[in-house]
Amino acid sequence: MTTAQDSVAAATAVAAAAVSAPVDASPPSLSKQPPPEKPSETRRRSYIVLSFWFVVIVLGLPFWWATTTIYRANLPLDRMLQWADGKACRPVFPLQISVQAPSLADQDAQHLVRLTQHALDDLDDFSIHHLRLQLAPKTDDTKRAPMKDQEPALTIRMSPGQGSSAALSPEAAVLDVSYAPNSIPPPNAGSSALASFLANELRSLFAEEQSIISYLLSTSPSSAGVRRPALSPEVVDALSKRTTKSLRYAPTYHLTFSLFTDGAVPSSWDIEGAMEEYMKPVLQVLRPIHNFTVDTQVQLYATPGVQSQVLNKEHLASFINAAEWPLSPSIGGAPTVNFVVFVGNQTIGLGSETETSQSWSIPQWGSVYLLSLPATETHVSRETLKQPMLTFGGQLLSLLGTPQSGSLPLRLSALGRIRSTDLLLRASSSLGSLARLTRALPSISIPRSVAEGVSTTLDHLERACANLSGPEGLLHARIAEAEAEQAFFEKSMVGQLYFPDEHKIAVYLPLLGPVGVPLVLGLIKEIKNWLQRRKQQAREAKEKKGQ
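The numbering of the sequence shown is our numbering, which starts it at 11 and goes up by one.
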C-alpha cells in the first residue's frame with residue numbers, strides 16, 4: 011500500500027512541475043551539430059589544398075608550358091617585307107657592248123663611241139636596262155689595256171664599206187657594221203648620223219628583252235617603285251600570252267620523245283642518232299640555264315582523238331588521247347616536256363585551203379608533229395626525223411620563254427637575264443608572303459630550318475641583285491627562289507594552319523575539367539572558411555575589448 015501511494019504522489023508531482031514550467035516555443039533540433047573543429051585540423055586541411063595548388067602552379071604549369079609552347083624562330087620580318095615591296099633592291103642590267111674598230115684611229119673611235127652612247131641615252135627610257143659602250147683594245151694593246159672581267163653582251167665589229175649597214179651573226183653575239191669612210195664624225199662634231207644609226211640598231215636588238223623585263227616588273231608587287239616604259243596594250247597582251255604558254259622555270263626538265271602510230275608499222279626509229287645530230291646542239295647551248303634528262307618510247311596502235319585527215323584548230327585540243335596514250339610522267343620531280351611524233355596521213359589546216367602545217371605547240375606541255383610515211387615503212391630513219399627534231403628544238407626554245415628576235419646566242423643571253431629577273435621577283439614575293447603569314451598567325455610554328463632558309467635566301471638575293479646582267483646573277487637567283495619556296499612550304503609550319511584555337515579548347519577541356527573543378531571549388535571553400543574565421547576572431551576580440 012505504501013508503495014502504490016508513493017508512486018501516485020511522484021506522478022502527481024511531475025505533472026504539477028510540468029504545468030508550472032514555462033513553455034519553450036522554439037522547435038527541437040533536427041540534427042546534432044558536429045563538435046567544433048580543432049585549429050590543427052583546420053591548418054592541416056589548408057595545407058593540403060595549398061599543396062595541390064603548389065604542385066599545379068610550380069610544377070604543372072611550367073612543365074605544360076615547356077612541352078606545349080610553339081617554337082618560333084626569329085625572322086627578319088622588316089627586311090623580308092622590304093624585299094617584297096621592292097625597297098631592298100633596284101634591279102639594274104648594265105650590259106657591256108664592246109666596239110671593235112681596228113680601221114679607225116683611237117681618237118676617232120673614242121669620239122664615235124661617245125656620240126653613240128649619248129644617242130642611246132637620249133633614246134633609252136628604261137634606265138635599269140642600260141647599254142654601256144666600250145671601245146675594245148686593239149690586238150697589240152691587249153696586255154696594257156685589258157677589257158673588264160664581264161663578258162660583253164654584244165660585240166660590234168666595224169669595218170669600212172660603201173654605206174651604213176648592219177648584220178647580226180647567227181652563230182655569235184656579234185653585230186657586223188659597215189660604214190662609209192666619210193661618215194666618221196670629226197672630233198668637234200656634236201652628233202653623227204653613224205652614231206644615230208648604231209644607237210637605233212642597238213635599241214632594236216634589245217627592244218624585246220626590255221619589253222619582257224618591263225612586263226615582269228609591272229606584274230610583280232615587289233617592283234612597284236621601279237620606273238619602266240609604258241607598254242602598249244597590244245604588247246602587254248602578246249607578252250601575257252607568251253608568259254602563259256611558257257613553262258615555269260625549273261633548273262631541270264625531263265624531255266620525253268614518243269613515237270605513236272595507229273598501226274603495226276613503223277615499229278622502230280633512229281631517235282638516238284637524230285637526237286645526237288639535231289637536238290643535242292640546242293640542249294648544249296641551254297646548259298648554262300637548264301639541265302635536261304631524256305627518255306624515248308614507241309607506242310603502237312595509238313588511236314588519236316580526231317580521225318579526220320585535215321585537222322582544224324578546234325580539233326587540236328582533242329587530238330591527244332590521254333586515256334590510251336601512256337605518256338611518261340615527271341621523273342625525279344622535274345617537269346616533263348612531251349614531244350610526240352604521230353605517224354599518220356594528217357595535216358593541220360591554217361584557215362585556208364592551201365596553207366597547212368605539220369606540227370603545233372601545246373602551252374606548258376610540249377608539241378606534236380604529224381609525220382606522213384608510206385604504209386609499208388617499218389623504220390623511221392634519222393634523215394626522216396630531221397625536220398621533226400628541228401621543229402622540236404625551236405618549240406622547246408619557245409616553251410622555255412626565249413625571246414623570238416635576234417640570233418640564238420643573243421636570245422639565250424637575254425633568256426638568262428629574263429630568268430634572273432623572274433626568279434628574283436618570285437623569291438622576293440615568297441619572302442613577303444612568309445612575313446605576312448608570320449605576323450597574321452602568332453600561333454604558327456617557325457622551325458629553325460625556316461629561319462636558315464630565309465637567311466640563305468636574303469644572302470643570295472643580294473648577290474643576285476648585284477649581278478643580274480651576268481650568269482652569276484642567275485645562279486644566285488635560282489638558289490634564292492628554291493630556298494624561299496622551301497621555307498614558305500615547310501611541312502611542319504603548313505600543318506599549323508589547319509589547327510585552330512577551337513580545336514585546342516576541345517582537346518583541353520575534357521582533360522582539365524575533371525581535375526580543375528575540384529581544385530577550384532576546394533580553394534573557394536577554403537577561402538570562405540578563412541574569411542569566416544577572421545570575422546569570428548574579430549568579433550570575439552571586439553567583445554573582449556568591450557568587457
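All C-beta atoms in this analysis are idealised placements derived from N, C-alpha and C, irrespective of residue type, glycine included.
For V109, the number of other beta carbons within 10 angstroms of its own is at least 16, and it is reported as buried.
Around A129, the same chain offers A205, S206, A209 as residues with beta carbons nearer than 7 Å, after the five sequence neighbours per side are excluded.
Of L422, S242, T388, S193, the smallest CA-CA separation from A274 is found for T388.
Residue environment analysis places Q220 among the buried positions, since at least 16 neighbouring C-beta atoms fall within 10 angstroms of its C-beta.
In the DSSP secondary-structure assignment, D305 is bridged to T266. For the pair P49 and L71, the Cα-to-Cα distance works out to about 32 Å.
By the neighbour-count criterion, in which 16 or more other beta carbons inside 10 Å mark a residue as buried, S453 falls on the exposed side. Distances from the CA of E495 to each of G480, L531, L164, S439 were compared; the closest alpha carbon is that of S439. Runs of the alpha helix (DSSP H) spanning 4 or more residues and lying entirely within the region 164-242 occur at 203-215, 217-228, in chain order. Inclusion of L471 and A487 in the CB contact set at 9 Å is warranted, their separation being smaller than that value. The beta carbon of S455 sits closer than 8 Å to those of I80, Y81, R82, S502, M503, Q506, all from its chain and outside the five residues before and after it, given in chain order.
Residue pairing by DSSP places P413 in no beta bridge whatsoever. DSSP, read as helix, strand or coil, puts Q144 in strand.
Counting along the chain, the unbroken beta strand (DSSP E) around F103 starts and ends at 103-110.
Judged by DSSP secondary structure, F498 falls within the alpha helix (DSSP H) whose first and last residues are 481-498.
Between K255 and Q374, the alpha-carbon positions lie close to 6 Å from each other. With respect to G173, A190 sits close: the two C-beta atoms are nearer than 9 Å. Scanning the region 358-397 from its first residue to its last, no whole alpha helix (DSSP H) run of 4-plus residues comes out. Under the Cβ criterion (8 Å, minimum of three pairs), the region 348-358 counts as touching the region 263-273. A distance below 9 Å separates the beta carbons of L422 and I299.
For the set W74, E47, K555, I58, the Cα lying nearest the Cα of L521 is the one of W74. At the C-beta level, A490 and A476 stay beyond 9 Å of one another.
When the five nearest sequence neighbours on each side are left out, the beta carbons in the same chain lying within less than 6 Å of the beta carbon of D186 are those of R167, A177, in order along the chain. One thing to note: F216 has its Cβ no nearer than 9 Å to the Cβ of L265. When only Cα atoms are considered, G480 and G426 end up about 8 Å apart.
In the three-state DSSP reduction, F136 falls in the coil class, being neither helix nor strand. When DSSP reads this structure, R82 sits in a beta bridge with I456. Between the alpha carbons of L409 and W370 lies a gap of roughly 12 Å. Taking C-beta atoms under 8 Å as the contact rule, S188 and S202 fail to qualify, at a distance of about 16 Å. In this structure P345 is not in contact with A437, their Cβ atoms being roughly 19 Å apart against a cut-off of 8 Å.
In this structure, the straight-line span from the alpha carbon of L164 to that of L478 is close to 16 Å.
Inclusion of A182 and S417 in the CB contact set at 9 Å is warranted, their separation being smaller than that value.
By the 16-neighbour rule on beta-carbons within 10 angstroms, E334 is exposed. Closest by C-alpha distance to M289, out of A327, Y225, P398, is P398. Distance from the CA of V378 to the CA of L395, rounded to the nearest whole angstrom, comes to 13 Å.
Around the beta carbon of R429, a 10 Å sphere encloses 16 or more other beta carbons of the protein chains shown; the residue is thus reported as buried.
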